[in-house]
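Add 656 to the 1-based position in the sequence shown for the working numbering, that's all there is to it.
Note that the Cβ used here is the ideal one computed from N, Cα and C, for glycine as well.
The structure under discussion appears below in the form of structure tokens.
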Amino acid sequence: MRICRLVMPGMMDRGWGRIVQITSVSVLQPVENLLLSSVLRPAAHALIRNLALEGASTGVTVNSVAPGYHTTSAVDRLIAKKVAQTGCTRDDVLADWSREIPLGRLGDPDELAALIVFLMSARAGYITGQCIVSDGGWVKGTF
657 MRICRLVMPG MMDRGWGRIV QITSVSVLQP VENLLLSSVL RPAAHALIRN
707 LALEGASTGV TVNSVAPGYH TTSAVDRLIA KKVAQTGCTR DDVLADWSRE
757 IPLGRLGDPD ELAALIVFLM SARAGYITGQ CIVSDGGWVK GTF
């Protein structure tokens with residue numbers, strides 16, 4: 657929030673800018689064992705929505721990206737925790753999670769990066785105040 661408040665006035669004065677916040681699918685659906693994330697992330701998106709309204713008339717867009725499970729070090733830590741809790745193997749945990757994802761796999765960080773790069777580009781100039789999910793279809797809600 658502080659960084660957004662620091663950079664937005666300059667962007668608004670220039671008439672162009674992009675802010676993309678990386679949140680989590682917990683914005684839309686609680687995630688097991690991620691209590692704080694599931695409680696706080698929806699509030700973070702509410703901030704983004706409000707900042708988007710402030711910046712829209714000046715050419716500044718503000719969006720959030722909500723990744724699901726991607727092959728990152730953060731997910732590796734979640735897998736290790738699950739292995740420790742259950743005694744399953746890492747491969748078992750990955751297979752279980754992959755079965756819950758309609759695309760049948762975890763996301764690649766490069767796929768997430770490509771989405772963010774697009775949102776930062778001039779081509780995404782008509783997208784603001786949105787929460788764009790990159791989860792392989794994991795979130796069950798309609799939104």
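Legend entry - Segments assigned beta strand (DSSP E), at least 3 residues, entirely inside the segment 666 to 703: 673 to 678
Legend entry - Inter-residue spacing [alpha-carbon to alpha-carbon] between valine 739 and glycine 673: Start at 1 with the first residue of the sequence shown, and residue 739 comes out as number 83. Start at 1 with the first residue of the sequence shown, and residue 673 comes out as number 17. So the alpha carbons of these two residues sit roughly 43 Å apart.
Inset, instruction - Let me know the secondary structure DSSP gives threonine 742 once reduced to three states. - result: The residue given as residue 742 occupies position 86 in the sequence shown. Residue state, collapsed to three classes: helix.
Inset, instruction - Check whether the Cβ atoms of arginine 705 and glycine 785 lie closer than 8 Å to each other. - result: As a working mapping, residue 705 is identified with position 49 in the sequence shown. As a working mapping, residue 785 is identified with position 129 in the sequence shown. A contact, by the Cβ cut-off of 8 Å.
Inset, instruction - May I have the straight-line CA-CA distance separating histidine 726 from methionine 667, to the nearest angstrom? - result: Mapped onto the sequence shown, residue 726 falls at position 70. Mapped onto the sequence shown, residue 667 falls at position 11. Going by the C-alpha atoms only, they are around 31 Å apart.
Inset, instruction - Under 8 Å Cβ to Cβ from glycine 763, same chain only, skipping five residues before and after it: list those, please. - result: By 1-based counting over the sequence shown, the position of residue 763 is 107. Contacts found: Pro723, Gly724, Tyr725, His726, Thr727, Ser790, Asp791, Gly792.
Legend entry - Classification of arginine 733 by the beta-carbon crowding that lies within 10 angstroms, buried from 16 upward: In the sequence shown, the residue the question calls residue 733 occupies position 77. Burial call: exposed.
Inset, instruction - State yes or no: is the C-beta of valine 795 within less than 8 Å of the C-beta of leucine 707? - result: Your numbering for residue 795 matches position 139 in the sequence shown. Your numbering for residue 707 matches position 51 in the sequence shown. No, Cβ-Cβ distance for valine 795 and leucine 707 is not below 8 Å.
Inset, instruction - Could you pull the start and end residues of the alpha helix (DSSP H) that proline 765 belongs to? - result: Counting from 1 along the sequence shown, the entry for residue 765 is found at position 109. Counting along the chain, the alpha helix (DSSP H) containing proline 765 begins and ends at 765 to 776.
Legend entry - Buried versus exposed, by CB contacts within 10 Å (16 or more), threonine 745: Mapped onto the sequence shown, residue 745 falls at position 89. When all chains shown are included, threonine 745 counts as exposed.
Inset, instruction - Could you tell me the boundaries of the beta strand (DSSP E) in which threonine 717 lies? - result: Position 61 of the sequence shown, counted from the start, is the residue given in the question as residue 717. Per DSSP, threonine 717 belongs to the beta strand (DSSP E) from 716 to 723.
Legend entry - Contact under 8 Å by Cβ, valine 663 with methionine 776: Translated into positions along the sequence shown, residue 663 becomes position 7. Translated into positions along the sequence shown, residue 776 becomes position 120. No, the Cβ-Cβ distance between valine 663 and methionine 776 is not below 8 Å.
Legend entry - Whether arginine 661 touches threonine 679 by CB criterion (8 Å): Position 5 of the sequence shown, counted from the start, is the residue given in the question as residue 661. Position 23 of the sequence shown, counted from the start, is the residue given in the question as residue 679. No, they are not a contact pair.
Legend entry - Own chain partners of isoleucine 735 with C-beta closer than 6 Å, once the 5 adjacent residues on each side are dropped: To locate residue 735, count along the sequence shown from 1; it is residue 79. Counting only Cβ-Cβ distances below 6 Å, and skipping sequence neighbours, we find Arg746, Val749.
Legend entry - Enclosing beta strand (DSSP E) for alanine 788 [first to last residue]: For the purposes of this step, residue 788 is taken as residue 132 along the sequence shown, with counting starting at 1. Note on residue identity: the sequence assigns isoleucine, not alanine, to residue 788. It spans 787 to 790 - the beta strand (DSSP E) in which isoleucine 788 sits, taken as one unbroken run.
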